[in-house]
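Asker: Just dropping this structure here.
Number of protein chains: 2
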Amino acid sequence: MQNKYRLMSPGPTPVPPEVSAAGALPIIHHRTPEFGEVFTRVNETLKKVFLTESDIFTYSASGTGAFEGAMQNLFSPGDKVLVVNNGNFGNRWVKMGAAFGLEVTELVYDWGAKADNDEIADALATDPEIKAAICVLSETSTGTVNDIEGFAKVTGNAISIVDAISGLGACELRSDEWGVDVVVAGSQKALMTPPGLGFVSVSERAMRAHEQSTMPRYYFDFTAAKKAYAKDPPQTPWTPAVSVIIQLDLALQQIMAEGIENVFERHVLLGRAAREGIKGMGLKLFGPDEDLNSAVTAAWVPDGVDGRQLVRGIFRDQGIQVAGGQGEMEGRIFRIGHCGYFDAYDIIATIAATELTLEALDFPVELGKGVGAAQRVFSKSGAVA
Amino acid sequence: MQNKYRLMSPGPTPVPPEVSAAGALPIIHHRTPEFGEVFTRVNETLKKVFLTESDIFTYSASGTGAFEGAMQNLFSPGDKVLVVNNGNFGNRWVKMGAAFGLEVTELVYDWGAKADNDEIADALATDPEIKAAICVLSETSTGTVNDIEGFAKVTGNAISIVDAISGLGACELRSDEWGVDVVVAGSQKALMTPPGLGFVSVSERAMRAHEQSTMPRYYFDFTAAKKAYAKDPPQTPWTPAVSVIIQLDLALQQIMAEGIENVFERHVLLGRAAREGIKGMGLKLFGPDEDLNSAVTAAWVPDGVDGRQLVRGIFRDQGIQVAGGQGEMEGRIFRIGHCGYFDAYDIIATIAATELTLEALDFPVELGKGVGAAQRVFSKSGAVA
Numbered sequence: 032m033q034n035k036y037r038l039m040s041p042g043p044t045p046v047p048p049e050v051s052a053a054g055a056l057p058i059i060h061h062r063t064p065e066f067g068e069v070f071t072r073v074n075e076t077l078k079k080v081f082l083t084e085s086d087i088f089t090y091s092a093s094g095t096g097a098f099e100g101a102m103q104n105l106f107s108p109g110d111k112v113l114v115v116n117n118g119n120f121g122n123r124w125v126k127m128g129a130a131f132g133l134e135v136t137e138l139v140y141d142w143g144a145k146a147d148n149d150e151i152a153d154a155l156a157t158d159p160e161i162k163a164a165i166c167v168l169s170e171t172s173t174g175t176v177n178d179i180e181g182f183a184k185v186t187g188n189a190i191s192i193v194d195a196i197s198g199l200g201a202c203e204l205r206s207d208e209w210g211v212d213v214v215v216a217g218s219q220k221a222l223m224t225p226p227g228l229g230f231v232s233v234s235e236r237a238m239r240a241h242e243q244s245t246m247p248r249y250y251f252d253f254t255a256a257k258k259a260y261a262k263d264p265p266q267t268p269w270t271p272a273v274s275v276i277i278q279l280d281l282a283l284q285q286i287m288a289e290g291i292e293n294v295f296e297r298h299v300l301l302g303r304a305a306r307e308g309i310k311g312m313g314l315k316l317f318g319p320d321e322d323l324n325s326a327v328t329a330a331w332v333p334d335g336v337d338g339r340q341l342v343r344g345i346f347r348d349q350g351i352q353v354a355g356g357q358g359e360m361e362g363r364i365f366r367i368g369h370c371g372y373f374d375a376y377d378i379i380a381t382i383a384a385t386e387l388t389l390e391a392l393d394f395p396v397e398l399g400k401g402v403g404a405a406q407r408v409f410s411k412s413g414a415v416a
Numbered sequence: 032m033q034n035k036y037r038l039m040s041p042g043p044t045p046v047p048p049e050v051s052a053a054g055a056l057p058i059i060h061h062r063t064p065e066f067g068e069v070f071t072r073v074n075e076t077l078k079k080v081f082l083t084e085s086d087i088f089t090y091s092a093s094g095t096g097a098f099e100g101a102m103q104n105l106f107s108p109g110d111k112v113l114v115v116n117n118g119n120f121g122n123r124w125v126k127m128g129a130a131f132g133l134e135v136t137e138l139v140y141d142w143g144a145k146a147d148n149d150e151i152a153d154a155l156a157t158d159p160e161i162k163a164a165i166c167v168l169s170e171t172s173t174g175t176v177n178d179i180e181g182f183a184k185v186t187g188n189a190i191s192i193v194d195a196i197s198g199l200g201a202c203e204l205r206s207d208e209w210g211v212d213v214v215v216a217g218s219q220k221a222l223m224t225p226p227g228l229g230f231v232s233v234s235e236r237a238m239r240a241h242e243q244s245t246m247p248r249y250y251f252d253f254t255a256a257k258k259a260y261a262k263d264p265p266q267t268p269w270t271p272a273v274s275v276i277i278q279l280d281l282a283l284q285q286i287m288a289e290g291i292e293n294v295f296e297r298h299v300l301l302g303r304a305a306r307e308g309i310k311g312m313g314l315k316l317f318g319p320d321e322d323l324n325s326a327v328t329a330a331w332v333p334d335g336v337d338g339r340q341l342v343r344g345i346f347r348d349q350g351i352q353v354a355g356g357q358g359e360m361e362g363r364i365f366r367i368g369h370c371g372y373f374d375a376y377d378i379i380a381t382i383a384a385t386e387l388t389l390e391a392l393d394f395p396v397e398l399g400k401g402v403g404a405a406q407r408v409f410s411k412s413g414a415v416a
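Going line by line, the protein sequences match chains A and B. Under the numbering used here, residues 32 to 416 are what the first sequence spells out, in order. Under the numbering used here, residues 32 to 416 are what the second sequence spells out, in order.
Next up, the structure:
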């Protein structure tokens, strides 16, 4: 039998039907009061999701593009930055920093391990010339979520930059309360919107660093964005992805209707259920078994099973798109994404599909055991009462 | 009475209903055979619209972002480039070149005037160190289309770079036949797709320049794109705007169904009808009255009429979104965009709305005179027989 297509990857993620439908609305011009109204609401609502009063710039680009914007706007060639590298994305910011002529101090951790904030504090104390520290919130490649509250505490005079591309709107991140200067995010994860938009929030302190920065830039220039935002109607300096912004507007309204605190709690439950499901079917988690990891759940492919066959089987035979490992973990782990528009039955279906695929691959599994463990998480919480 | 919303701006432009509808399709993962199939078809079809065998890189960014990619990938700081500046967009590439540390030789023309290819040849002969020459195909700010066939002839050893953001798929541009090295385009104009994608085609000669280039880059890196395109399934290095690419795929199929030569001819007729309509109602064209100008028609706001009131009236009272002047032409000219999904009745409606608005502003106009002139263009051509 043919199953429905279910996207359970860590990004892009499925979008709510209302958000999908808005993708079919007529294109409107981006320098009109009509678009200005949407854009103003998007900017105001983004602040309630980022939990910041800072300016947030919306770019037509992926999260990687927005991160490039942060680097170009905050630094000058030769500036020293500290980058926490505990996975594929931390590693990407190391490479990007090097590409733009920054002097990168790298704190490397095993994939799956959490960053150690004491070590970050030590590294910054050792070299007071380090201008900024970069850490990933949810490391999509491993499922591990770093302790950003602690990170922001130890960064001191250094500008704190958080890659929240796959975490924002899923994992707790209180930008202003915790003192995070710069948060980079993307539309296609927990913001429940198609890919195509990247965001950067910029604290006043970071904006002062921008004013000193000499890195060449144009498309991602903060000053050009700020100037266009201040126009009447508010706009972007270059033609934005109008249809995706209109979709984002609706997705943000849905997040507001659920309540950001409820969104955080829902993700904690989704992550807990995914982990219990994995353990319940006899597999081992990759990375810490803790509630912090609420965006992506990664598990080891068990001995005797081909990791690529497992991921392909869950997709080809069961219709559920989970992700394999990236980089050094390719074929060794698999990942279930649950940041964004996901509920209890998405997790239950994915755990059930994993059990069925393992059975098909002759791995000993008791059907329903992992599912039951996931169900009990929701039962206890009253989430599906 | 309330009229329908008609987008007659030079970008973004309206998209066909099938393309709109595809914006509501479920999001698929970008590293799957399903997406690879779409992406392969898009890449192959883009070549038939660019009329090139060169690699074409698709970026999640506006055309300005894609242009930044061209600059970052082809040059090293201090490189000399020639930029033709005959409007707002030529002017933008001058500023962008300066921002990235290029030594820019600027050939400035009055807004509305065409670039003089003999002068370009002279400038290149005077300084043989100039590495590349940049010219806009359709200067959106004025409606003037430059003679790119002639431009490519005179560029000689310099790499020829054409901003075809608002021209590609409307105005004749035979990249390989004419010998254009690099063509930059965007999704939101004649490609009949929502904004959010930018494109750069790169000839072999330009790719060799890329290999010598030391400009810092990451997000727009040609080499990263080329490597990802070569994977199985073909993909982008970073998460692309999946939904816009799926829409582009459909739009490109529509362009292929109409036939690129027919698309060029349709735009020539649309431009001719718009110009005859403007002249027929007693207004003066801005820029040359020639068939080359097939993407945007610009006209002087007549004496005694407030340009902002005219544009606002055509939009607020008639529902038709035309554009005012940009930069130094703000309030002095107005522009009708007809690059992309436009037909005879879009032009007829716009000319009629302009007549009605002029009448409402007490400017003497004989209703139907401009419309009749536009109709005669279509009647003669047999286009609406």
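Ideal Cβ positions, reconstructed from N, Cα and C, are used throughout, including at glycine.
(1) Between the beta-carbon of A:ASP158 and the beta-carbon of A:LEU133, is there less than 9 Å?
(2) With 9 Å as the threshold, decide whether the Cβ of A:TYR140 is near any Cβ in chain B.
(3) Using a beta-carbon distance below 9 Å, is A:VAL46 in contact with chain B?
(4) Mind checking if A:ARG366 is an interface residue toward chain B, Cβ cutoff 9 Å exclusive?
(5) Please decide whether B:GLU235 counts as near chain A, where near means a Cβ-Cβ distance under 9 Å.
(6) Could you tell me whether any Cβ in chain A is nearer than 9 Å to the Cβ of B:GLU321?
(7) Assuming A:SER107 is part of the beta strand (DSSP E), what are its boundary residues?
(8) Buried or exposed for A:SER410, going by 16 or more other Cβ atoms inside 10 Å?
(9) From which residue to which residue does the alpha helix (DSSP H) around A:TYR260 run?
(10) Compare the beta carbon distance of A:VAL112 and A:VAL135 with 9 Å and say whether it is the shorter of the two.
(11) Report yes or no: is there a C-beta of chain B within less than 9 Å of the C-beta of A:GLN349?
(12) Please check if any C-beta of chain A sits within less than 9 Å of the C-beta of B:GLU134.
(13) Would you please verify whether the beta carbon of B:TYR417 is less than 9 Å from any beta carbon of chain A?
(14) Which parts of the region 332–368 of chain A are runs of the beta strand (DSSP E), unbroken and 3 residues or longer, counting only runs that do not cross its ends?
(15) Can you list the residues of chain B that A:ALA55 reaches, using a CB-CB cut of under 7 Å?
(16) The beta strand (DSSP E) spanning B:THR89 covers which residue range?
(17) Give me the subset of the region 72–94 of chain A whose CB atoms are less than 9 Å from a CB atom of chain B, sorted by chain position.
(18) Would the region 226–233 of chain B and the region 114–121 of chain B be scored as touching if the rule is three or more Cβ pairs under 8 Å?
(19) With the cut-off set at 9 Å, would you say A:GLY96 and A:PHE317 are in Cβ contact?
(20) If you run the structure through DSSP and keep just helix, strand and coil, what is A:LEU222?
(21) How is B:ALA416 classed by DSSP in three states: helix, strand or coil?
(22) Run through chain B and tell me which residues come within less than 8 Å of A:ARG248, C-beta to C-beta.
(23) Just the C-alpha distance for A:VAL185 and A:ASP207, rounded to the nearest angstrom, thanks.
(24) Considering only DSSP beta bridges, list what A:THR63 is partnered with.
(25) Closer than 6 Å by C-beta to B:HIS60: which residues in its own chain qualify, once you throw out the five before and the five after it? Chain order, please.
(26) Is there a Cβ of chain B sitting closer than 9 Å to that of A:ASP334, yes or no?
(27) Give a yes or no on whether the C-beta atoms belonging to B:GLU359 and B:TRP142 are separated by under 9 Å.
(28) Beta carbon of A:VAL342, beta carbon of A:ALA354: below 9 Å?
(29) Decide yes or no for the touch test of the region 39–58 of chain B against the region 265–282 of chain B: beta carbon pairs closer than 8 Å, at least 3 of them.
(30) From the beta carbon of B:GLY217, is the nearest beta carbon of chain A less than 9 Å away?
(31) Which residues, in chain order, does the region 255–268 of chain B contribute to contact with chain A at a C-beta distance below 7 Å?
(32) In chain order, what residues of the same chain have a beta carbon less than 8 Å from the beta carbon of B:GLU289, not counting five sequence neighbours either side?
(33) Does any residue of chain B have a CB that is nearer than 9 Å to the CB of A:MET127?
(34) Does DSSP put A:LEU389 in a helix, a strand or coil?
(35) Just mark B:LEU222 as buried or exposed, buried being the case when its beta carbon has 16 or more other beta carbons within 10 Å.
(36) Would you say A:THR171 and A:SER197 are within 9 Å of each other, going by their C-beta atoms?
Answerer: Reading it off the structure:
(1) As a first step, residue 158 of chain A must be located in the first sequence, where it is residue number 127. As a first step, residue 133 of chain A must be located in the first sequence, where it is residue number 102. No, these two residues do not count as a Cβ contact at 9 Å.
(2) Looking up residue 140 of chain A in the first sequence gives position 109. Answer no: the Cβ-Cβ gap between A:TYR140 and chain B never drops below 9 Å.
(3) Taking the first sequence and counting its residues from 1, one reaches residue 46 of chain A at position 15. A:VAL46 counts as touching chain B.
(4) Numbered from its first residue, the first sequence carries residue 366 of chain A at position 335. For A:ARG366, not one C-beta of chain B is nearer than 9 Å to its own C-beta.
(5) In the second sequence, residue 235 of chain B corresponds to position 204, counting from 1. No, B:GLU235 lies away from the interface with chain A (no Cβ there is under 9 Å from its Cβ).
(6) Counting from one through the second sequence, the residue named residue 321 of chain B turns up at place 290. So, not an interface residue.
(7) To locate residue 107 of chain A, count along the first sequence from 1; it is residue 76. Note, A:SER107: premise wrong, no beta strand (DSSP E); not H, not E.
(8) If you number the first sequence from 1, residue 410 of chain A lands on position 379. A:SER410 is exposed by the Cβ-count criterion.
(9) As a first step, residue 260 of chain A must be located in the first sequence, where it is residue number 229. Per DSSP, A:TYR260 belongs to the alpha helix (DSSP H) from 253–260.
(10) Along the first sequence, one-based indexing puts residue 112 of chain A at 81. Along the first sequence, one-based indexing puts residue 135 of chain A at 104. Cβ distance < 9 Å, so A:VAL112 and A:VAL135 count as in contact.
(11) Working through the first sequence from its first residue, we reach residue 349 of chain A at position 318. No, A:GLN349 lies away from the interface with chain B (no Cβ there is under 9 Å from its Cβ).
(12) As a working note, residue 134 of chain B is residue 103 in the second sequence. It does not; no Cβ of chain A falls within 9 Å.
(13) No answer is possible for residue 417 of chain B: the residues shown for chain B start at 32 and end at 416.
(14) 364–368
(15) For this step, residue 55 of chain A is matched to residue 24 along the first sequence. Within 7 Å Cβ-Cβ: SER51, ALA52, GLY54 and ALA55.
(16) For the purposes of this step, residue 89 of chain B is identified with residue 58 of the second sequence, where counting begins at 1. Taken as a continuous stretch (DSSP letters only), the beta strand (DSSP E) holding B:THR89 covers 86–91.
(17) TYR90, SER91, ALA92, SER93 and GLY94
(18) no
(19) As a position in the first sequence, residue 96 of chain A is number 65, starting the count at 1. As a position in the first sequence, residue 317 of chain A is number 286, starting the count at 1. The answer is no: Cβ separation not under 9 Å.
(20) As a first step, residue 222 of chain A must be located in the first sequence, where it is residue number 191. The answer is coil: DSSP assigns A:LEU222 none of H, G, I, E or B.
(21) Numbered from its first residue, the second sequence carries residue 416 of chain B at position 385. Note on B:ALA416: pLDDT 43, under 50, position unreliable in the model; no value is reported.
(22) The residue labelled residue 248 of chain A in the question sits at position 217 within the first sequence. Chain B residues near A:ARG248: ALA130.
(23) For the purposes of this step, residue 185 of chain A is taken as residue 154 along the first sequence, with counting starting at 1. For the purposes of this step, residue 207 of chain A is taken as residue 176 along the first sequence, with counting starting at 1. Spanning the two alpha carbons is a distance of roughly 15 Å.
(24) The count along the first sequence starts at 1 and reaches residue 63 of chain A at position 32. Paired residues: none, contrary to the question.
(25) The count along the second sequence starts at 1 and reaches residue 60 of chain B at position 29. Counting only Cβ-Cβ distances below 6 Å, and skipping sequence neighbours, we find nothing.
(26) In the first sequence, counting from the first residue as 1, residue 334 of chain A sits at position 303. No - not a single Cβ of chain B is within 9 Å of the one on A:ASP334.
(27) To locate residue 359 of chain B, count along the second sequence from 1; it is residue 328. To locate residue 142 of chain B, count along the second sequence from 1; it is residue 111. B:GLU359 places its beta carbon less than 9 Å from that of B:TRP142.
(28) Translated into positions along the first sequence, residue 342 of chain A becomes position 311. Translated into positions along the first sequence, residue 354 of chain A becomes position 323. Contact flag set, yes.
(29) yes
(30) Translated into positions along the second sequence, residue 217 of chain B becomes position 186. With 9 Å as the cut-off, B:GLY217 counts as an interface residue toward chain A.
(31) none
(32) Along the second sequence, one-based indexing puts residue 289 of chain B at 258. The residues are ARG297.
(33) Taking the first residue of the first sequence as 1, we reach residue 127 of chain A at position 96. Interface residue, yes.
(34) Against the first sequence, residue 389 of chain A aligns to sequence position 358. Of the three classes helix, strand and coil, the one that applies to A:LEU389 here is helix, per DSSP.
(35) As a working note, residue 222 of chain B is residue 191 in the second sequence. Buried, because 16 or more other Cβ atoms sit within 10 Å of the Cβ of B:LEU222.
(36) Position 140 of the first sequence, counted from the first residue, corresponds to residue 171 of chain A. Position 166 of the first sequence, counted from the first residue, corresponds to residue 197 of chain A. Contact flag set, yes.
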